[in-house]
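Residue numbers (UniProt numbering), protein chains in the order written: chain A, 1 to 417; chain B, 1 to 417.
Built from N, CA and C at the ideal position, the CB exists for glycine as well.
Since the model is a prediction, treat every value here as computed from it, not as a measurement.
So the structure is just underneath, and the comments pick up after that.
There are 2 protein chains.
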Amino acid sequence: MEEFLENLTSEQLAEVKRQYDIYSNGANEIIPEIELKNKIARSLLKNSPLKIKLGLDPSAPDVHLGHTVVLNKLKQFQENGHIIQVIIGDFTGKIGDPTGKSTVRKQLSMEEVKKNAKTYFDQFNKVLDMEKVELHYNSKWLSRLNLEEIINLSSSITVARLLERNDFSERFSTGKPISLHEFFYPLMQGYDSVELESDVELGGTDQHFNVLMGRHLQEHFGKEKQIVMLLPLLEGLDGVEKMSKSKKNYIGVDDKPSEMYGKAMSIPDELIIKYIDLITDLSLEEKNLTKDQLENRKLHPKDAKMLLARTIVRMYHGVEDSEKAEEAFKKVFQNRSLPDEIPVVKWQGELLVPLVDLLVELKLIRSKTEARKMIQNGGVRVDTVKVNDIQLQVNTMDQPIIQVGKRKFIKLQVKLI
Amino acid sequence: MEEFLENLTSEQLAEVKRQYDIYSNGANEIIPEIELKNKIARSLLKNSPLKIKLGLDPSAPDVHLGHTVVLNKLKQFQENGHIIQVIIGDFTGKIGDPTGKSTVRKQLSMEEVKKNAKTYFDQFNKVLDMEKVELHYNSKWLSRLNLEEIINLSSSITVARLLERNDFSERFSTGKPISLHEFFYPLMQGYDSVELESDVELGGTDQHFNVLMGRHLQEHFGKEKQIVMLLPLLEGLDGVEKMSKSKKNYIGVDDKPSEMYGKAMSIPDELIIKYIDLITDLSLEEKNLTKDQLENRKLHPKDAKMLLARTIVRMYHGVEDSEKAEEAFKKVFQNRSLPDEIPVVKWQGELLVPLVDLLVELKLIRSKTEARKMIQNGGVRVDTVKVNDIQLQVNTMDQPIIQVGKRKFIKLQVKLI
C-alpha cells in the first residue's frame, strides 16, 4: 500500500490521530497499527471513506450488550463518515452442516435467514444508523464459486496452518474428528473480505484466526490487505464469564429501563471502565475523564456505575426513561424506600405463616434452605425492616410488603372468602 | 447390495468362479472379494455388464509394459463382456497447480489434453479393443461442482483420514507444507466413481488410498460401492526398481521386436511368473501350466522366458514378427552366430587401431577404463572370437565385426579417400 501519512498537513495529521485514538480505545489488538493510520490518512486525502466489515452468523440472536462491543466500535467509524459493511453469512446458514453432526449449523431456509437478519437489524438500529449501513448476503458470491476457484482459494493455505486454529488444534491433538468441510468456514468468511474489498474487519478476540484469514486471502488475490481489529469479549454481570444468554449474566438491548439500570448497577467495580469504554457512546474525552477521576478517587465507583447505567438506558430507551430509571433506582436502593409499583398477591392460605414458608410459597425463593440463608444474610425485609429471625411468623392480615434482595417485592392482600 | 450368489444355478456359479479366478489372478488385493463375486453373479443374472474404471493422469506418457499391468486386467474384463470406463483426468490437468510449486501439475491446454489422450489411446489400442471402451473427461462434471456440493463432498472425510495417505503423512510429520487444495485430488478422483457409478476400479498398489476414496464417496452419495482392485507394481528389467522410463529399466510398447524380445530375455528368473501373470494375454490355463512346470523343473527358466518374450512381441507386433525375433535371438545368442543385420560404420581413421581406442571411438563403450574391464570380463568379440588381450590392435582393413555384450554389433568399413 502506498504511503499517505507523509503527505499530510499538520491539521490532517491531527485528524488521523484523533480518529485513531477513538478507534483504538478499548481494542485489544490492531494488526498492523501503522496501516490503520495510513488508511485513515488516505481516506482524508482522497476523500473516500474506509470500508469497515462485520460478519454475522445468521442464527437468530437476542442481542445483548456483549454484542454491542463491536456495534459501538462500528458506530465510531460511522460517525466519522466511514462505510459499514454488515455481512450476513447466509451461505453457510443455508447449507447447514452436511454431516448433520452439529446442532449449531442447522440448515436455515431463505425466509428464516431474512427473518433473522431483520431481528439483527431492528436491534442494531439502536446503536448504528442502519440506513447508512451496507447489507450483504454472502451467498451472492459464495454460491457461484466453482471447483476451480475453490482450488485456487484453498491453494493459499496449508493444512498445518488451519490446524493451528485453537479449536481445530485441540480436536486434532485429542483425536476428535475434523471433517474436511469445516476447513471451509474460515476460508469463506475470509473470502467475503476479498469480494467486498474491506479496509478493516472487526471481531472478538476469539475471531483472531478467522479475521486474519480475510487479510491473508486478500493478499492471495492481489487486493489491498484489510486491518484486523480485535475487540475484547465482555464479561457478564458476574464479572467472570463472557456475557451470554445461557449464562444469564447479560443485559439485553430489549431489557426494560429499570431492569437495565439495575443490572448495570450490579456489575463488579473492576468492570466499570471496560463497560464504559466498550458499550457506551460517551465521547473519548468523557471516558478518559471518568477513568482519571476514578483512578484519583475523585469519583465514587457507585457514581461511575450510575453514569454507566444512565448512559446505557439513555442509549436504548432515550433520555426520559433513563432519568426515570435513575430516580426510581435512587428511591428504592439509595433511600431504602419502596418503589412506586409493587405487585400484589391475593393470599388465600393461613393467616399466620412462617416467613420461610411464605417466601417459598410466593416463589420469591426456591427452597426453604435458601430462604433461611437469605434471611441470615440480611437479604429479606418485611415492611422495609430487615428480618433477623428465621423463625419469624408473618401475620398476613397486616398486608405486609415482602422484599427479597434488591429488586423483588410483593405486597400481600388477604382474600376473604 | 442385494445377494445374488445364492440364486445361481450350478453352471452360473461355475461361470462366476471362472471369471473371478481370471480377475483375481495376479491381483494384490480385492476389497472386498465376496462383493466382486456377487457383482459378477448379478451381471449374469441381469445380463448387464459391470463397469470397470481406470483413471488416467493427462500427462503424455510413453506407455511401457509396467503400464500394461492394468490394461491386461481390463482386457480380461473386456473379454468377458464388461464395460471399460477410461477417465482422463483433464480437470486437474487444466487447473494445474495454483501454487505453481509443482512441476508435475503443469497447466495443460485442452489441445494438449486431447493430444495426450490420443497418445494413450493409440498405445492402449495394442492391448484393449478401444472401440468398446467408454472414454470420459472428468472436467465434464468436476467443472460444474459448486461450493455447496464441494462442502457436501468434503463433509464425508476427516482431515485425520486424509493425513493418513502415505505422502501426506510423511510431509505432515516432517513439517513440510501441504496446501489445502492438494486434499482435493483424491476427492476428485473418487468423485469420478460417483458420477460414473463404477462397479470396479483398478489401480496400482500405490493408489490404495485414492481408489478406496471412490468407494467411500459412492457410499456417502448413496450409491452402490465399487470394488477396489489393486495390482502389483511391475519391477523393471533390473528386477529391483519399479519399471520406469527414467530408470531405463523398461520395455516400451513401441520397442522394436528384436529389442523387446532381447529385453524380455534379460529379466531375472524370479520375475518370470510375475511378468507372465501380469503382462501377457496367455489364458489362465496356460499361465498355471507354465507355473507348474517351472516349479517342478519340467521347464527351463530360459524356455519360460522365451515363451514370455515371444508372447509379448506377438501382442505388440503380431505372430510373424514374434517368430522372426525368436529366430534372430536364437541365431545370435544361442548359436553365437551373428544377427542378420549389422550396422556399418565407415572408418576414416588410422588403419591399425588399439581395440580399446576403437571401442570408445565407435561409442560402443564410454571410456577406455570401461573398455579394458569389458575385455577382461570376456564381453568383447572381434569377428565372433572372444578377445583376451587388452592390448589388441585391430586392422581396420579386415572390415572386422566388433561385438560388445550380447546385443551391440558394428561392422567397420574402411573409407578410402
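Examine the Cβ distances between the region 214-230 of chain A and the region 248-258 of chain A and report whether three or more of them are shorter than 8 angstroms. no
Any Cβ of chain A within less than 8 angstroms of the Cβ of THR158(B)? As a working note, residue 158(B) is residue 158 in the second sequence. Answer yes: the Cβ-Cβ gap between THR158(B) and chain A drops below 8 angstroms somewhere.
Where TYR275(A) and LEU234(A) are concerned, what is the direct C-alpha to C-alpha distance, given to the nearest angstrom? For the purposes of this step, residue 275(A) is identified with residue 275 of the first sequence, where counting begins at 1. For the purposes of this step, residue 234(A) is identified with residue 234 of the first sequence, where counting begins at 1. For TYR275(A) and LEU234(A), the distance between alpha carbons rounds to 8 angstroms.
Where the beta strand (DSSP E) through ARG381(A) begins and ends: Your numbering for residue 381(A) matches position 381 in the first sequence. That run of the beta strand (DSSP E) goes 380-382.
Could you check what DSSP says for ILE87(B) in three-state terms: helix, strand or coil? Your numbering for residue 87(B) matches position 87 in the second sequence. Three-state DSSP puts ILE87(B) in a strand.
Report the residues of the region 57-87 of chain B with a CB closer than 9 angstroms to any CB of chain A, ordered along the chain. none
Is the region 39-56 of chain A in contact with the region 253-260 of chain A, if contact means three or more CB pairs nearer than 8 angstroms? no
Against chain A: residues of the region 119-153 of chain B by CB proximity under 9 angstroms: LEU142, SER143, ARG144, LEU145, ASN146, LEU147, GLU148, GLU149, ILE150, ILE151, ASN152, LEU153
Alpha-carbon to alpha-carbon, LEU74(A) and SER143(A): Within the first sequence, residue 143(A) is the residue found at index 143, counting from 1. Within the first sequence, residue 74(A) is the residue found at index 74, counting from 1. Roughly 28 angstroms between the two C-alpha positions.
Do PRO58(B) and VAL113(B) count as a contact pair if the criterion is CB distance below 8 angstroms? Within the second sequence, residue 113(B) is the residue found at index 113, counting from 1. Within the second sequence, residue 58(B) is the residue found at index 58, counting from 1. Yes, the pair counts as a contact, with Cβ atoms nearer than the cut-off.
Listed from N- to C-terminal order along the chain, which residues in the region 181-196 of chain A have their beta-carbon within a distance smaller than 7 angstroms of any beta-carbon of chain B? HIS181, PHE183, PHE184
Strictly below 8 angstroms CB to CB, what residues from chain B border SER109(A)? Position 109 of the first sequence holds residue 109(A). The contacting residues do not exist; SER109(A) stays about 15 angstroms from chain B at best.
Please decide whether SER155(B) counts as near chain A, where near means a Cβ-Cβ distance under 8 angstroms. The residue labelled residue 155(B) in the question sits at position 155 within the second sequence. It does: the Cβ of SER155(B) has a partner Cβ on chain A nearer than 8 angstroms.
Going by C-alpha to C-alpha distance, which of LYS37(A), PRO177(A), GLY81(A) sits closest to ILE157(B)? Looking up residue 157(B) in the second sequence gives position 157. The shortest Cα separation from ILE157(B) among LYS37(A), PRO177(A), GLY81(A) belongs to PRO177(A).
Can you tell me the Cβ-Cβ gap for ILE401(A) and LYS411(A), rounded? I've got them flagged as a contact below 8 angstroms. Reading the first sequence from its first residue, position 401 is the one you call residue 401(A). Reading the first sequence from its first residue, position 411 is the one you call residue 411(A). About 5 angstroms; that satisfies the 8 angstroms criterion.
Measuring only between beta-carbons, confirm whether PHE4(A) sits less than 8 angstroms from chain B. Walking along the first sequence from the start, residue 4(A) turns up at place 4. No, its Cβ sits nowhere closer than 8 angstroms to a Cβ of chain B.
One question on the structure: do MET213(A) and PHE91(A) come within less than 8 angstroms of each other, judged by their Cβ atoms? Numbered from its first residue, the first sequence carries residue 213(A) at position 213. Numbered from its first residue, the first sequence carries residue 91(A) at position 91. Taking 8 angstroms as the Cβ cut-off, MET213(A) and PHE91(A) do not qualify as a contacting pair.
Does the beta-carbon of GLN85(A) have 16 or more other beta-carbons within 10 angstroms, so that it is buried, or is it exposed? Taking the first residue of the first sequence as position 1, residue 85(A) is located at position 85. So GLN85(A) counts as buried.
Give me the chain B residues within the contact set of SER266(A), using Cβ-Cβ distance strictly less than 9 angstroms, ordered along the chain. For the purposes of this step, residue 266(A) is taken as residue 266 along the first sequence, with counting starting at 1. By Cβ distance, chain B contributes nothing, its closest Cβ being about 44 angstroms from SER266(A), past 9 angstroms.
Taking just the CA atoms, how far does TRP141(A) sit from GLU149(B)? For the purposes of this step, residue 149(B) is taken as the residue at position 149 of the second sequence. For the purposes of this step, residue 141(A) is taken as the residue at position 141 of the first sequence. Whole-angstrom Cα-Cα distance: 15 angstroms.
SER179(B) touches chain A at which residues, Cβ-Cβ below 9 angstroms? Here residue 179(B) is taken as the residue at index 179 of the second sequence, counted from 1. Going along chain A in sequence order, the residues near SER179(B) (Cβ under 9 angstroms) are SER154, SER155, SER156, ILE157, THR158, VAL159.
Cβ neighbours of LEU294(B) in the same chain (closer than 8 angstroms, five flanking residues each side left out): As a position in the second sequence, residue 294(B) is number 294, starting the count at 1. Within the same chain, LEU294(B) has close Cβ partners ILE272, ILE273, PRO301, ALA304.
So, does the CB of PHE172(B) fall closer than 8 angstroms to a CB anywhere in chain A? As a first step, residue 172(B) is located in the second sequence; it is residue number 172 there, counting from the start. Answer yes: the Cβ-Cβ gap between PHE172(B) and chain A drops below 8 angstroms somewhere.
With a threshold of 8 angstroms between beta carbons, is LEU217(A) in contact with chain B? Taking the first sequence and counting its residues from 1, one reaches residue 217(A) at position 217. Chain B, which has no Cβ nearer than 8 angstroms to the Cβ of LEU217(A), makes this no.
To which residues of the same chain is PRO339(A) closer than 7 angstroms at the C-beta, ignoring the five residues directly before and after it? The sequence position of residue 339(A) within the first sequence is 339, counting from 1. Answer for PRO339(A): ALA328, LYS331, VAL332, PHE409, listed in chain order.
Going along chain B in order, which residues have a C-beta closer than 7 angstroms to the C-beta of ILE95(A)? Residue numbering aside, residue 95(A) sits at position 95 when the first sequence is read from its first letter. Under the 7 angstroms cutoff, chain B gives GLU148, ILE151.
Could you tell me which chain B residues have their CB closer than 9 angstroms to the CB of GLU162(A), listed as they occur along the chain? The residue given as residue 162(A) occupies position 162 in the first sequence. Before going further, note that residue 162(A) is Leu rather than Glu in the sequence given. Within chain B, the residues near LEU162(A) are VAL159, LEU180.
First and last residue of the beta strand (DSSP E) that includes TYR250(A)? In the first sequence, the residue the question calls residue 250(A) occupies position 250. Run containing TYR250(A): none; DSSP gives neither H nor E here.
Give a yes or no on whether the C-beta atoms belonging to ILE40(B) and VAL16(B) are separated by under 8 angstroms. Along the second sequence, one-based indexing puts residue 40(B) at 40. Along the second sequence, one-based indexing puts residue 16(B) at 16. Yes, the pair counts as a contact, with Cβ atoms nearer than the cut-off.
Bridge partners for VAL410(A) per DSSP, in chain order? Taking the first residue of the first sequence as 1, we reach residue 410(A) at position 410. For the record, residue 410(A) in the displayed sequence is Ile; it is not Val. In DSSP, ILE410(A) forms a bridge with ILE402(A).
Based on the DSSP output, what are the partners of ILE67(A) in its beta bridges? Against the first sequence, residue 67(A) aligns to sequence position 67. Note that residue 67(A) is His in the sequence shown here, rather than Ile. BP columns for HIS67(A) are empty, so no partner.
Would you identify the three-state DSSP class for HIS136(B), choosing helix, strand or coil? Along the second sequence, read from residue 1 onward, the residue named residue 136(B) stands at position 136. Strand at HIS136(B).
Count the other C-beta atoms from every protein chain shown that fall within 10 angstroms of the C-beta of GLU170(A), then say buried if there are 16 or more, exposed otherwise. Counting from 1 along the first sequence, the entry for residue 170(A) is found at position 170. Looking at its Cβ environment, which holds fewer than 16 other Cβ atoms inside 10 Å, GLU170(A) is exposed.
Who are the near neighbours of GLY66(B) in its chain, counting only those whose CB is closer than 8 angstroms to its CB and skipping five residues on each side? Position 66 of the second sequence, counted from the first residue, corresponds to residue 66(B). So the list reads LEU233, LEU234, GLY236, LYS242, MET243, SER244, TYR250, once near-sequence residues are dropped.
How long is the line joining the alpha carbons of TYR185(A) and LEU153(A), rounded to whole angstroms? The count along the first sequence starts at 1 and reaches residue 185(A) at position 185. The count along the first sequence starts at 1 and reaches residue 153(A) at position 153. Rounded to the nearest angstrom, the two C-alpha atoms are 12 angstroms apart.
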